[in-house]
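Each residue of the sequence shown is one higher than the one before, counting from 79 in the working numbering.
Just so it is clear, CB atoms sit at the ideal spot from N, CA and C, and this is done for glycine as well.
Below: one structure, written as structure tokens.
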Amino acid sequence: MKSPILRLDTMKFTYISLLILVSPILFLSCKGKFNFSKQKAENEKIVVQYGEHFLTDRDLKLILPKDYTKEDSVNWVKTYIEEWVKKKAIVDKAEENIDELTLKEIENKIVEYRQDLLINAYNNYLIEKNIKDSVTDEELFQYYEKHKDSFPLVKEVVQFRAITVDKSEENQAERLFNSSKDEDFDEVMKMVLQAGNAYHDKDSIWYSPEYIAAQFPELNQNDQLSQLISRRKVKISDENTVTLIKILNLKPKGSTAPYEFVKPTIKNLLLNKRKLNLLSELQNQLYKEAINKNEIKINEN
């Protein structure tokens, strides 16, 4: 399928015929050159024109979805142009009838909004360039140790293991899995891997019970998730396999959240703090530079 850019080039004549159908006011004649407030690049071509407003081929390329067919693209452009003309017509009518003070107020808001957009975009650029990965694990842990009381758990979290074995190996697998010896767990994992069955051995990570239930939907039946939390182990059987799940550690609701569980939250907190500091420092630096270069002029009259 061709890209929207190629489609626009091949649809040149389609656009022209389409625009004539859209509205008779699109191509109003005008003496001399049009005085556009919008700037057009040299490599752009004007496709739609209404009064002092215009759309270029580049504008239309930007609004076209990439996965649309040629026919869909024509319909999309037609609809977009109709709405564009209606909006521009309302804007022109508003400018004719709204008083100058209101227009000035709107212009000031536009300037402020543009400034906010530019500041936000530049801030994101600085973040990407300077502080995206600037928080070390040591800083994260130090923050946690200092503020751990600020991270109470709103729900219980657990560390767990889970394996699935063939039904014929159920007894041996259950004995090894429930053992506290590392070598027994290694032995049962060999059975699981040789059979190509599923398992979960990320036992150093903390999870919510809802996460476990999402991985093992059978736990949502017959209150098995509650049984797992209270008894610390549960067995799920079907015709051919048996899944064994065991809770290794549990942190109750209201207790201090484990470091690894809140580590992403702490990182976001520190990054946001650095974002604010970075922007504030940059603003102060630019202000001082402007003063030193005598670039600030204040008319007191």
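I188 is classed as exposed because its beta carbon has fewer than 16 other beta carbons within 10 Å across all chains shown. Distance between T180 and I168, taken at the CA atoms: about 16 Å. Distance from the CA of N370 to the CA of N362, rounded to the nearest whole angstrom, comes to 12 Å.
Distance between L347 and Q250, taken at the CA atoms: about 48 Å. A distance below 8 Å separates the beta carbons of D281 and L326.
Secondary structure at N327: strand, using DSSP grouped into helix, strand and coil. Per DSSP, the continuous beta strand (DSSP E) segment holding I241 begins and ends at V235 to D244.
Take T242, set aside five residues on each side of it, and the residues of its chain with a beta-carbon closer than 6 Å to its own are N275, A276, T319 and T321, in chain order. The beta carbons of S333 and L231 sit closer together than 8 Å. Contact between F238 and I323 holds, with the beta-carbon distance rounding to 6 Å and staying under 8 Å.
Nearest to I141 by alpha-carbon distance, out of T343, I159, D215 and L195, is I159. The secondary-structure analysis by DSSP pairs Y222 with nothing; it has no beta-bridge partner. DSSP lists V243 and S315 as the beta-bridge partner residues of V320. As computed with DSSP, T180 is found in no beta bridge at all.
Ranked by how close their Cα comes to the Cα of Y200, the residues I184, E367, A368 and S358 have S358 in first place.
Counting other Cβ atoms within 10 Å of its Cβ, L254 reaches 16 or more and is therefore classed as buried. When C-alpha distances from R309 are compared across V125, V236 and N202, the shortest belongs to V236. Partner residues in a beta bridge of Q272, as assigned by DSSP, do not exist. Within the same chain, and ignoring the five residues on either side of D170 in sequence, the residues whose Cβ sits closer than 7 Å to its Cβ are G129. Look at Y146 here: in three-state DSSP terms it is coil, with no helix or strand label.
Straight-line spacing of the CA atoms in T343 and V155 works out to 44 Å. F132 is bridged by DSSP to Q127. In this chain, P230 is not harboured by any alpha helix (DSSP H), its DSSP state being neither H nor E. Rounded to whole angstroms, the gap between the alpha carbons of K245 and M269 is 12 Å. Between K311 and E234, the C-beta spacing is not below 8 Å. The DSSP-derived three-state label of T214 is coil. Boundaries of the alpha helix (DSSP H) harbouring Y337: Y337 to N370, taken from the DSSP string. Less than 8 Å divides the Cβ of I205 from the Cβ of K353. For F294, no alpha helix (DSSP H) encloses it, and the DSSP letter there is neither H nor E.
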